[in-house]
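Undergrad:
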Amino acid sequence: MQLLNFPAAIFQLQHLEELHLEKNHIEEIPPQINCLQKLRVLYLNSNKLLSICEELGDLQQLQSLDLSKNPLHLSLFANTVCRLRALRELRLYNMNLKQFPGQICKKLHHLQLLGLSWNNLDSLPWEISNLTELQQLYLQSNNLQVLPFAFCQLHCLEILDLRQNALIYLPDDINCLQNLKHLYLSDNHLAFIPQALGSCSSLCVLDLSRNCLDLNLLQLLPGSLAELDLSDNQLHTLPTVVCQLRGALQLLYLRNTQLKSLSCCFSDLTGIRFLDLSQNVLRYFPKQICSLSQLEVLSLDDSKLKEVLPGIKNLTKLKILGLTGNRFRAFPQEICSVESLERLYLGQDHGMKFTHIPEEISQLVNLKELYLENNEIQFLPSTIGLLQNLIVLDCHENRLLELPESITDIHGLQKLLASCNRITHLPANFDQLKKLEILSLERNPLEKPLDELCQQGVSAVLQYLQTKKAQHFKATKIQAWWRGLMVRKELGPFKNLFPKKDKKGKKDKKGKKDKRKSEKGKQQKRKKNSSKYNRITQVLVASPKIAIAFNQPS
5 MQLLNFPAAI
15 FQLQHLEELH
25 LEKNHIEEIP
35 PQINCLQKLR
45 VLYLNSNKLL
55 SICEELGDLQ
65 QLQSLDLSKN
75 PLHLSLFANT
85 VCRLRALREL
95 RLYNMNLKQF
105 PGQICKKLHH
115 LQLLGLSWNN
125 LDSLPWEISN
135 LTELQQLYLQ
145 SNNLQVLPFA
155 FCQLHCLEIL
165 DLRQNALIYL
175 PDDINCLQNL
185 KHLYLSDNHL
195 AFIPQALGSC
205 SSLCVLDLSR
215 NCLDLNLLQL
225 LPGSLAELDL
235 SDNQLHTLPT
245 VVCQLRGALQ
255 LLYLRNTQLK
265 SLSCCFSDLT
275 GIRFLDLSQN
285 VLRYFPKQIC
295 SLSQLEVLSL
305 DDSKLKEVLP
315 GIKNLTKLKI
325 LGLTGNRFRA
335 FPQEICSVES
345 LERLYLGQDH
355 GMKFTHIPEE
365 ISQLVNLKEL
375 YLENNEIQFL
385 PSTIGLLQNL
395 IVLDCHENRL
405 LELPESITDI
415 HGLQKLLASC
425 NRITHLPANF
435 DQLKKLEILS
445 LERNPLEKPL
455 DELCQQGVSA
465 VLQYLQTKKA
475 QHFKATKIQA
485 WWRGLMVRKE
495 LGPFKNLFPK
505 KDKKGKKDKK
515 GKKDKRKSEK
525 GKQQKRKKNS
535 SKYNRITQVL
545 VASPKIAIAF
555 NQPS
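Quick note, the numbering used here runs 4 ahead of the 1-based positions in the sequence shown.
(1) According to DSSP, is R250 part of a helix, a strand, or is it coil?
(2) Starting from D165, trace the beta strand (DSSP E) both ways and give me its first and last residue.
(3) So, with DSSP's three-state summary, where would you put Y288?
(4) How would you label W122, buried or exposed, when you count the other beta carbons within 10 angstroms and need 16 or more for buried?
(5) Are Q283 and N260 closer than 8 Å when you measure CB to CB?
(6) C424 and E406: beta carbons closer than 8 Å?
(7) Which stretch, first to last residue, makes up the alpha helix (DSSP H) that contains G106?
(8) From P11 to N51, what distance separates their C-alpha atoms?
(9) Skipping 5 residues on each side, what residues in its chain have a beta carbon closer than 7 Å to that of C156?
(10) Measuring CB to CB, does I427 end up less than 8 Å from L450?
(11) Step through the CB atoms of chain D and report whether any lies within less than 8 Å of the CB of L94.
(12) Does at least one heavy atom of the ligand SAM sit under 7 Å from the Cβ of S386?
(13) According to DSSP, simplified to helix, strand and coil, what is I14?
(14) Taking buried to mean at least 16 other C-beta atoms within 10 Å of its own C-beta, is R167 buried or exposed?
(15) Specify, as a first and last residue, the run of the alpha helix (DSSP H) that S79 falls within.
(16) Do L345 and K321 have their C-beta atoms closer together than 8 Å?
(17) Residue range of the beta strand (DSSP E) that E231 falls in?
(18) In chain order, what residues of the same chain lie with their CB nearer than 6 Å to the CB of Y375, ignoring the 5 residues before and after it?
(19) Is DSSP giving K419 helix, strand or coil here?
(20) Just to confirm, are R331 and E300 a CB contact at a threshold of 8 Å?
(21) Note down the Cα distance separating F383 from D305, rounded to an integer number of angstroms.
(22) Give me, in chain order, the residues of the same chain whose beta-carbon lies closer than 8 Å to that of Q418; leave out the 5 immediate sequence neighbours on both sides.
(23) Name the DSSP beta bridge partners of Y97, please?
(24) My understanding is that L212 touches S190, with C-beta atoms under 8 Å, so please give their C-beta distance in whole angstroms.
(25) Taking Cβ to Cβ, would you say G61 is nearer than 8 Å to L88?
(26) Hey, L466 and D435 are a contact pair by Cβ (cut 8 Å); roughly how many whole angstroms apart?
(27) Use the C-beta contact count for V246: other C-beta atoms within 10 angstroms, 16 or more gives buried, fewer gives exposed.
(28) Am I right that L71 and L96 are in contact with their C-beta atoms under 8 Å? What's the rounded C-beta distance?
(29) Between P431 and E409, how many whole angstroms is the CB-CB distance? I'm expecting something under 8 Å.
(30) Here's the rule: buried if 16 or more other CB atoms are within 10 angstroms of the residue's CB, otherwise exposed. What is E147?
(31) Could you pull the DSSP bridge partners for H114 from this structure?
(32) Find out if the Cβ-Cβ distance for the pair L234, L258 is shorter than 8 Å.
(33) Less than 8 Å between the C-beta atoms of E343 and L313, yes or no?
(34) With the cut-off set at 8 Å, would you say L46 and L69 are in Cβ contact?
(35) Mind checking who L24 pairs with in its DSSP beta bridge?
Next up, the structure:
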């Protein structure tokens with residue numbers, strides 16, 4: 005239920021320190037708000053506030069205020085906000101602001117967090133330099149083209165988010181921000197980065213993705229960088245300044261940078277744990293990667309690779325490997341030597357498709373997720389049942405004729421995607437997959453009623469298989485009992501195993517002759533008994549009470 009007004013009972017809670025009324029339909033703040041003199045946190049985001057009462061300014065202990073996503077005209081109520089002198093956090097996201105009132109910067113000297121993302125700001129007031137204690141400034145998705153000179157006087161700033169703006173350049177005095185740790189500049193129009201940025205000695209995260217950078221002009225990067233994103237820039241070659249970061253750099257994003265190869269010094273980045281080289285034109289697996297002993301995540305998707313080097317076995321800490329959309333003619337068997345792998349992506353949406361999975365895949369004993377979609381695989385190897393840690397198996401859009409019986413040995417399997425194949429039936433012990441939560445078998449020529457039950461969910465399929473197995477067990481047991489009875493009466497198909505003998509150990513010729521004479525009659529009798537057996541079996545299997553009674557010890 006969404007509130008239309010402040011609940012009246014709230015104003016009786018005079019010791020209340022934190023109030024969350026976000027995501028309602030409240031249109032105004034009542035004057036009684038000043039009764040909550042001990043309030044420190046007030047969240048009113050995602051409402052329909054049209055005005056702010058002056059009494060809100062009486063909350064002298066309020067430290068965090070969120071007015072985001074409200075149709076407020078902040079300039080009309082800026083004076084009320086300015087009276088909140090203890091305010092440390094002010095969030096004004098997505099309010100269609102075209103200007104930020106300068107008087108707020110003059111009065112709220114203790115602000116540490118200012119959130120102005122998703123507005124229409126094309127400039128910042130020069131008074132922003134008064135926010136001398138500001139540590140976090142969020143300006144994502146605005147229309148900023150330049151930053152004012154006063155901006156570089158925010159010496160306490162640690163996090164600066166300028167993503168999705170229209171910045172053309174950064175101020176040369178950006179090196180004054182010596183406490184800056186996180187700088188996000190993606191989706192702008194930056195053509196170069198000032199050399200002064202290299203003097204920001206505390207900077208550890210730098211995002212320069214989706215710009216127009218000519219990184220040949222980049223001569224210096226902060227040696228403290230632990231994360232660098234250069235994705236979606238037309239680099240063609242990796243600047244040597246990146247390799248100079250050596251052991252400090254841990255996360256490197258180079259997606260869609262038109263790289264054809266890596267320089268020899270790339271192996272100097274010994275601290276790399278995460279490397280994204282997807283959507284490039286590498287063609288050959290870079291041997292420098294095999295020297296990155298700390299690597300845990302490697303993405304080479306859509307990079308036109310034709311092979312994987314045997315040296316990949318040196319990546320003993322590699323847990324996630326992405327190789328989708330490449331040009332492998334066959335399954336790259338060298339991967340099977342990386343026993344530390346937990347997640348493997350080999351779907352071929354845009355690349356060449358392979359038809360065979362080697363039995364050596366069982367060597368990946370730590371594998372938890374295996375993605376083989378969009379290939380032309382007809383059979384999965386029986387050794388796949390040895391992947392006891394497997395949780396997710398995605399093999400949709402292939403040519404599988406069946407699922408191997410050994411798949412039922414993967415008792416921890418939770419997600420099986422096998423749609424768009426040629427599977428007609430499921431393994432006999434498929435109901436042993438007790439932890440299965442998601443099962444996708446659409447667009448397979450499944451036998452009825454499996455094709456209909458798949459639409460009802462996993463539980464319906466497993467219950468059907470269990471019932472079918474139980475009926476088969478009962479039918480087999482009844483069949484064995486009936487055949488035994490027939491043999492004992494010398495009417496069954498096995499009576500010839502016990503021929504009659506005379507006292508001298510020879511067959512009774514007379515009995516044999518009688519048998520020939522009555523063979524025609526007994527064939528008719530066996531046919532009658534067989535028909536009777538089939539009817540009794542159907543009745544016993546179909547009737548739970550009879551089956552239960554039959555199972556009781558005599």
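Quick reminder that beta carbons are idealized off the backbone N, C-alpha and C, glycines included.
TA: Reading off the structure:
(1) Numbered from 1 along the sequence shown, position 246 holds the residue referred to as residue 250. Helix.
(2) What you label residue 165 is simply residue 161 of the sequence shown in a count that begins at 1. Here the beta strand (DSSP E) through D165 covers 163-165.
(3) Indexing the sequence shown from 1 puts residue 288 at position 284. Three-state result, Y288: coil.
(4) Here residue 122 corresponds to residue number 118 of the sequence shown, with the count starting at 1. By the neighbour-count rule (16 or more Cβ atoms within 10 Å), W122 is buried.
(5) Translated into the one-based positions of the sequence shown, residue 283 becomes position 279. Translated into the one-based positions of the sequence shown, residue 260 becomes position 256. Their beta carbons are under 8 Å apart, which means Q283 touches N260 by this criterion.
(6) Reading the sequence shown from its first residue, position 420 is the one you call residue 424. Reading the sequence shown from its first residue, position 402 is the one you call residue 406. No, Cβ-Cβ distance for C424 and E406 is not below 8 Å.
(7) The count along the sequence shown starts at 1 and reaches residue 106 at position 102. G106 -> alpha helix (DSSP H) spans 106-111.
(8) Translated into positions along the sequence shown, residue 11 becomes position 7. Translated into positions along the sequence shown, residue 51 becomes position 47. Going from the Cα of P11 to the Cα of N51 covers about 15 Å.
(9) By one-based count along the sequence shown, residue 156 stands at place 152. For C156, where only same-chain residues beyond five positions count, the Cβ hits under 7 Å are P175, D177, I178, C180, L181.
(10) Residue mapping note: residue 427 aligns to position 423 of the sequence shown, counting from 1. Residue mapping note: residue 450 aligns to position 446 of the sequence shown, counting from 1. In contact: I427 and L450 (Cβ atoms closer than 8 Å).
(11) Among the chains of the structure shown, chain D does not appear; only one protein chain is present.
(12) Ligands displayed in this structure: none; no statement on the ligand SAM is therefore possible.
(13) Locating residue 14 in the sequence shown gives position 10, where the first residue counts as 1. I14 falls in the helix class under three-state DSSP.
(14) Residue numbering aside, residue 167 sits at position 163 when the sequence shown is read from its first letter. Counting Cβ neighbours within 10 Å, R167 comes out buried, since at least 16 surround it.
(15) Walking along the sequence shown from the start, residue 79 turns up at place 75. Counting along the chain, the alpha helix (DSSP H) containing S79 begins and ends at 78-86.
(16) The sequence position of residue 345 within the sequence shown is 341, counting from 1. The sequence position of residue 321 within the sequence shown is 317, counting from 1. Contact: no.
(17) Numbered from its first residue, the sequence shown carries residue 231 at position 227. Counting along the chain, the beta strand (DSSP E) containing E231 begins and ends at 231-233.
(18) The residue you call residue 375 lines up with position 371 of the sequence shown. These residues qualify, in order along the chain: Y349, G351, D398.
(19) Counted from its first residue, the sequence shown places residue 419 at position 415. DSSP places K419 in strand when its eight states are reduced to three.
(20) Within the sequence shown, numbered from 1, the residue matching residue 331 stands at position 327. Within the sequence shown, numbered from 1, the residue matching residue 300 stands at position 296. Cβ atoms of R331 and E300: not closer than 8 Å.
(21) Taking the sequence shown and counting its residues from 1, one reaches residue 383 at position 379. Taking the sequence shown and counting its residues from 1, one reaches residue 305 at position 301. Cα to Cα, F383 sits roughly 24 Å from D305.
(22) The residue given as residue 418 occupies position 414 in the sequence shown. Result list for Q418: I395, V396, K439, L440, E441, I442, in chain order.
(23) Counting from 1 along the sequence shown, the entry for residue 97 is found at position 93. Partner(s): none; Y97 has no beta bridge.
(24) The residue given as residue 212 occupies position 208 in the sequence shown. The residue given as residue 190 occupies position 186 in the sequence shown. Their Cβ separation, rounded to whole angstroms, is 7 Å, which keeps L212 and S190 in contact under 8 Å.
(25) As a working note, residue 61 is residue 57 in the sequence shown. As a working note, residue 88 is residue 84 in the sequence shown. Cβ atoms of G61 and L88: closer than 8 Å.
(26) Residue 466 sits at position 462 when you count from the first residue of the sequence shown. Residue 435 sits at position 431 when you count from the first residue of the sequence shown. About 5 Å separates the two Cβ atoms, so the contact holds.
(27) For this step, residue 246 is matched to residue 242 along the sequence shown. By the 16-neighbour rule on beta-carbons within 10 angstroms, V246 is buried.
(28) By 1-based counting over the sequence shown, the position of residue 71 is 67. By 1-based counting over the sequence shown, the position of residue 96 is 92. Rounded, the Cβ-Cβ distance is 6 Å, consistent with contact.
(29) Taking the first residue of the sequence shown as 1, we reach residue 431 at position 427. Taking the first residue of the sequence shown as 1, we reach residue 409 at position 405. Right, the Cβ-Cβ distance comes to about 5 Å (below 8 Å), so this counts as a contact.
(30) Indexing the sequence shown from 1 puts residue 147 at position 143. Checking the sequence, you will find Asn at residue 147 rather than Glu. N147 should be labelled exposed.
(31) Within the sequence shown, numbered from 1, the residue matching residue 114 stands at position 110. According to DSSP, residue pairing for H114 in a beta bridge does not occur.
(32) Along the sequence shown, one-based indexing puts residue 234 at 230. Along the sequence shown, one-based indexing puts residue 258 at 254. Yes, they are a contact pair.
(33) Mapped onto the sequence shown, residue 343 falls at position 339. Mapped onto the sequence shown, residue 313 falls at position 309. The answer is no: Cβ separation not under 8 Å.
(34) Within the sequence shown, residue 46 is the residue found at index 42, counting from 1. Within the sequence shown, residue 69 is the residue found at index 65, counting from 1. It is a contact, given that the beta carbons lie within the stated cut-off.
(35) Locating residue 24 in the sequence shown gives position 20, counting from the first residue. As written in the sequence, residue 24 is His, which differs from the Leu given in the question. Looking at the DSSP output, H24 shares a beta bridge with Y47.
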